[in-house]
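Quick note: my numbering has the sequence shown finishing at residue 357, numbered continuously throughout.
Notes to accompany the following structure.
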Amino acid sequence: MVGIIVLFSFSVAASLLWLGGVLFYVYAKIGFPQLFGLPAPELTAVAATAFLPVVFLWGVAGLLYNAMILRKQGNTINLMLAQTRRSADHAEVMVRTLMETQVQTRSATVLRNADLFINELNDLLSDIIVRLGLVQPAHTEIIWQRVGDGNRWAFCKVLLQSAEHSPRFKDDLENQLRRDEILSSAVRTFCYRFEQMFTMLERHDFEHYLTKIFEEGSLGRVYSRLADACRGVDAEKAVAAGPACDDFDVAFPETQEAAEDDFEPSGADAPAEPAEPAAVSASDSTSPFGFLRPTR
């Protein structure tokens, strides 16, 4: 603003001084009556000498004024861009903070509800150990009381102690899984629920504190034993189902050769090709951990 005032004042003062000097020169040397009597070329030269410097001066002043205005506008635009950038950074920080708060809130909710997962798994374990004959149904109330007193892994310890004291625990468990469909369903549901809980904890437990407890503790060891038994049963079923298809291709050399000598079937009487067996459902392969699927 000060530069514009100085430029305008200088231009006005210079113009007045120049025009005043021109008027004094005309008054002293030529005279005003003789001025208008001059020929047109001389009058044009006097007018150009008087006014062209002023026009040039104001043209330069206008250019300088435009340069100062453009510079001021450029500074204003830069300030606006900087403010916009700061506002965008502030908005990004706020959005990131809100997202982190939302994730932490969701994680805290999941971690606070970990007792629900434990109670669900204990409920399944109580059915499993009763079906296995490790405890009597009436004794489960005592174990539930121990769970309520703070021993959350009481059902796990019953199964783990039986597994440690019985060398044939895995074989017996696999045999009972083959015979008892209810037990097999309960075991697979337990494994599926544990995998769901473990996946959720891996996603929300940032310090991996609870994840380590469930993975390396009693619950993780129970899951490992039950999952190994399920894998063993599934592997035996897959092996048993493999050669079953070959039993239908039985050769009868003598009768087949005699039939070929006596009769050749024509194209119209030829038996139809057997239809290809339907594709086996791939629901098992779409389960989250390859061999388990939800049973309830």
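The C-beta atom is built at its ideal place from N, Cα and C for all residues, glycine as well.
Asked: Beta carbon of Cys217, beta carbon of Leu280: below 9 Å?; Found: yes
Asked: Evaluate Asp266 with the Cβ neighbour count: other Cβ atoms within 10 Å of its Cβ, from every protein chain shown; 16 or more gives buried, anything less gives exposed.; Found: buried
Asked: Kindly list the residues whose CB is nearer than 6 Å to the CB of Pro198, restricted to its own chain and excluding five residues on each side of it in sequence; keep chain order.; Found: Val191
Asked: Please give the ranges of any alpha helix (DSSP H) in the region 216-297, keeping only runs that are unbroken, at least 4 residues long and fully inside the region.; Found: 230-240, 242-265, 270-277
Asked: Give the range of the alpha helix (DSSP H) segment to which Val63 is assigned.; Found: 63-86
Asked: Given this structure, state the Cα-to-Cα distance separating His269 from Met261, to the nearest angstrom.; Found: 11 Å
Asked: Within its chain, find whatever has a CB closer than 8 Å to the CB of Arg282; leave out the 5 residues flanking it on each side and keep chain order.; Found: Cys217, Leu221
Asked: Taking Ala224 and Arg286 to be in contact with their CB atoms under 8 Å, please state how far apart those CB atoms are, rounded to whole angstroms.; Found: 6 Å
Asked: For Leu77 versus Ala111, is the C-beta distance shorter than 9 Å?; Found: no
Asked: Do you know how far the Cα of Met129 is from the Cα of Ile65?; Found: 8 Å
Asked: Compute the beta-carbon to beta-carbon distance between Leu118 and Ser72, rounded to the nearest angstrom, for a pair I have assumed lies under 8 Å.; Found: 6 Å
Asked: With C-beta atoms as the reference, is Gly293 less than 9 Å away from Glu235?; Found: yes
Asked: Within a Cβ cutoff of 6 Å, which residues of the same chain sit near Asp188, ignoring the five residues on either side of it in sequence?; Found: Ala247
Asked: Sorted by chain position, which residues of the same chain lie with C-beta nearer than 7 Å to Val171's C-beta, five sequence neighbours on each side aside?; Found: Met261, His265
Asked: Here's a check: name, in chain order, each residue in its chain whose Cβ is nearer than 8 Å to the Cβ of Leu68, leaving out the five neighbours to either side.; Found: Ala122, Leu125, Tyr126, Met129
Asked: Assign Asn174 to one of three DSSP states: helix, strand, or coil.; Found: coil
Asked: With burial defined as no fewer than 16 other Cβ atoms inside 10 Å of the residue's Cβ, what is the status of Ala74: buried or exposed?; Found: exposed
Asked: Hey, how far is the Cα of Leu159 from the Cα of Glu153?; Found: 10 Å
Asked: Report yes if the CB atom of Arg249 is closer than 9 Å to the CB atom of Cys291, and no otherwise.; Found: yes
Asked: Does the ligand GDP have even one heavy atom less than 8 Å from the beta-carbon of Gln222?; Found: Inclusion of the ligand GDP in the displayed structure is not the case, the ligand content being empty and no account of it being possible.
Asked: Could you check what DSSP says for Gln197 in three-state terms: helix, strand or coil?; Found: coil
Asked: Can you list, in chain order, the residues of its chain with a C-beta nearer than 7 Å to that of Gln237? Leave out the 5 residues immediately preceding and following it.; Found: Leu193, Leu244
Asked: By a C-beta neighbour count over all protein chains shown, 10 Å radius and 16 as the cutoff for buried, is Asp322 buried or exposed?; Found: For Asp322, the predicted model reports a pLDDT of 48, less than 50, meaning its position is unreliable and no value from the coordinates is stated.
Asked: Here's the rule: buried if 16 or more other CB atoms are within 10 angstroms of the residue's CB, otherwise exposed. What is Ala258?; Found: Reading off the sequence shown, one finds Met at residue 258, where the question assumed Ala. Counting Cβ neighbours within 10 Å, Met258 comes out buried, since at least 16 surround it.
Asked: Expressed to the nearest angstrom, what Euclidean distance is found between the alpha-carbon atoms of Ala288 and Glu256?; Found: 10 Å
Asked: Relative to the alpha-carbon of Lys298, which residue among Leu113, Val115, Arg239 has its alpha-carbon at the smallest distance?; Found: Arg239
Asked: Please classify Ile138 as buried or exposed, where buried requires at least 16 other C-beta atoms within 10 Å of its C-beta.; Found: exposed
Asked: Quick check on DSSP: helix, strand or coil for Ala329?; Found: Low local confidence applies: a pLDDT of 39 at Ala329 is under 50, so the model's placement there is unreliable, and no value is given.
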